[in-house]
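Protein sequences, first through last, are from chains A and B.
Per this note's numbering, residue 1 is the first one in the first sequence, and the count goes up by one each step.
Per this note's numbering, residue 1 is the first one in the second sequence, and the count goes up by one each step.
One structure below.
2 protein chains.
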Amino acid sequence: MRLNPVSFPVPMPKILIVDDEEDIRELIAVNLMREEQYQLIEAADGLEALRRAKDERPDLVILDLMLPHMDGLTVYKKLRENALTAKIPVIMLTARGRLEEKIEGLELGADDYLSKPFSPRELMLRVRNLLRRSHENPSGNLVETGPFSLDKNALKLHLDGEGIDLTATEFKLLLSLIESPGITKERGDLLKKVWGYSDMIQTRTLDTHIKRLREKLGSHGSSIETVRGVGYRFSGE
Amino acid sequence: MRLNPVSFPVPMPKILIVDDEEDIRELIAVNLMREEQYQLIEAADGLEALRRAKDERPDLVILDLMLPHMDGLTVYKKLRENALTAKIPVIMLTARGRLEEKIEGLELGADDYLSKPFSPRELMLRVRNLLRRSHENPSGNLVETGPFSLDKNALKLHLDGEGIDLTATEFKLLLSLIESPGITKERGDLLKKVWGYSDMIQTRTLDTHIKRLREKLGSHGSSIETVRGVGYRFSGE
DNA sequence: TGACCCCGTTACGTTTTTGTCACCTCTGCC
DNA sequence: GGCAGAGGTGACAAAAACGTAACGGGGTCA
């Protein structure tokens, strides 16, 4: 059984396999490699997993929830907390039963899970699905507008030839604005998207961060326009 | 005297939910509406889905593949064949397992799919992603009449080649007038639509804002005509 | 542990927006 | 012409919205 070949923008996707049993890692690896080429890295426990994820930035993590020392769910949460690894899709492996419920409760953003025992084919599908999804954003991990170029991987902004470091919050905010230039984003929407605030909470946090962003944009600070009483708008120039 | 603020006139996306079980439709509806406002329409089987899609042109279709009478994939293909519905993005819902393979075989252009059970958050993300992609083309968000061009996305007015910034109130007022040129809008209607005033409150606020608008329109100020004793009328030129 | 960074909040100052008022002009009618 | 009602206009003050600097808590890292 052969699947249609899928072309990835990245030559060879890097996958991190986290499981304490070497047999299982091997099993997964063999099944994955049967139909596509991936670059595989492995970790046997949670701490190592976190380290390697941060160092090597895989495109996908396959995470067994049954781990020594550190619970898999904890690993998952820590991955999400770190800006560097927050967007890496994760496939969680669970024993059929109790854990499934816990996972259902999680907000599985770009993620997925699989109950053991799983069929090789199913694993393949999930892997390809997640990789497709995470790589399909328009121009890979770069958002470019005028002289601005936002690098989603490095959380960095390139502007006028120099790289500007942004914090995680600043990045999310700028991204929200820049991904649709010329469109006015309402305060409430920005608060929801960047901070997760649900209601029209009265807060000056947004203003403060806008100021910090404008500072970092330097002479281009005026690209972020204020629309009084409504929100902010990023003008392509 | 200040009354409740009037919500800003953003276009409300229309979503068609196709599922034979009312419970599921309800579940999806509730989850969708938790964070955004959408106009929802529903269909319980494939034929109805096709009919409503053609009649009402939703911005997005959420399609359960398990349907009575007509298979969901057939519905999907028929949607694609009809020029009127060919470009509407579709999110397909599948039971985890068999059907996933079939979908993988499809060329998912602007579409996506989700395996049940799915997390509400994930559904939200897909919906917003697809809507953003298809909705951002300025087609429906420009109101053009003569030399006037009101951009609902940017909340800006373009006139004689230059962009004119309007305040939120001015924008709403001008939009109310300009969206039906040549038609006289009564004072009471304008007060209700722009300010949310319910009764025929005696106020000169409307007059003042009309004046301010005319000023900003410069030489085109006379496009806003006074209809004595009734209200105002926007003449296309 | 201590230095540092990020971030949300607060307080205060400034700018913009907006509703109202007083006074004026215009129009239609007697 | 005189009158009344409707709308135009400029001024004004309150309120709202925003910019900004500074503070302190919490986390990170050496």
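In this text, a Cβ means the ideal position worked out from N, Cα and C, and glycines have one as well.
Here the structure is a predicted model, which is why all the values come from computation and not from measurement.
| Item | Value |
| --- | --- |
| I need the DSSP call for P13 of chain B, collapsed to helix, strand or coil. | coil |
| Okay, do the stretch 156-170 of chain A and the stretch 205-218 of chain A touch, 3+ Cβ pairs below 8 Å being the bar? | yes |
| Which residues of the stretch 165-198 of chain B have a Cβ closer than 7 Å to any Cβ of chain A? Give them in chain order. | T167 and A168 |
| Apply the 10 Å Cβ neighbour rule to L63 of chain A and answer buried if 16 or more other Cβ atoms are within range, or exposed otherwise. | buried |
| Would you check if the distance between the CB atom of G182 of chain A and the CB atom of R233 of chain A is smaller than 8 Å? | yes |
| If we ignore side chains and look at the alpha-carbon of each, how far apart do L12 of chain B and L114 of chain B end up? | First, the amino acid is wrong: residue 12 of chain B is Met here, not Leu. Approximately 23 Å between the Cα atoms of the pair. |
| Any C-beta of chain A sitting closer than 8 Å to the C-beta of N153 of chain B? | yes |
| Using the three-state DSSP reduction, which class does N137 of chain A fall into: helix, strand or coil? | Residue confidence for N137 of chain A is low, a pLDDT of 44 falling below 50, so the modelled location carries little weight; the figure read from the coordinates is stated next. N137 of chain A falls in the coil class under three-state DSSP. |
| Determine the contact status of L16 of chain B and A49 of chain B, defining contact as a CB-CB distance below 8 Å. | yes |
| Going by DSSP in three states, N4 of chain B sits in which element: helix, strand or coil? | Below a pLDDT of 50, predicted positions are generally treated as unreliable, and N4 of chain B, at 47, falls in that range; the measurement from the model is reported next regardless. Correct three-state label for N4 of chain B: coil. |
| Using a beta-carbon distance below 8 Å, is V127 of chain A in contact with chain B? | no |
| Can you tell which of B:V61, B:L73, B:G72 and B:R57 has the C-alpha that lies nearest to the C-alpha of L84 of chain B? | B:R57 |
| Whose CA, out of A:M124, A:M70, A:L131 and A:D112, lies closest to the CA of L27 of chain A? | A:M124 |
| Quick one: which chain B residues come within Cβ less than 9 Å of R80 of chain A? | Ordered by position in chain B, no residue passes the 9 Å Cβ test against R80 of chain A, which lies about 13 Å from the chain. |
| Under 9 Å Cβ-Cβ, which residues of chain B neighbour P61 of chain A? | Going by the sequence as given, residue 61 of chain A is Val instead of Pro. Neighbours of V61 of chain A on chain B: none; closest Cβ ~17 Å, over 9 Å. |
| Between the stretch 13-37 of chain A and chain B, which residues of the former have a C-beta closer than 7 Å to a C-beta of the latter? | none |
| How many Å lie between L65 of chain A and P117 of chain A at the Cα? | 13 Å |
| Does DSSP put L84 of chain B in a helix, in a strand, or in coil? | coil |
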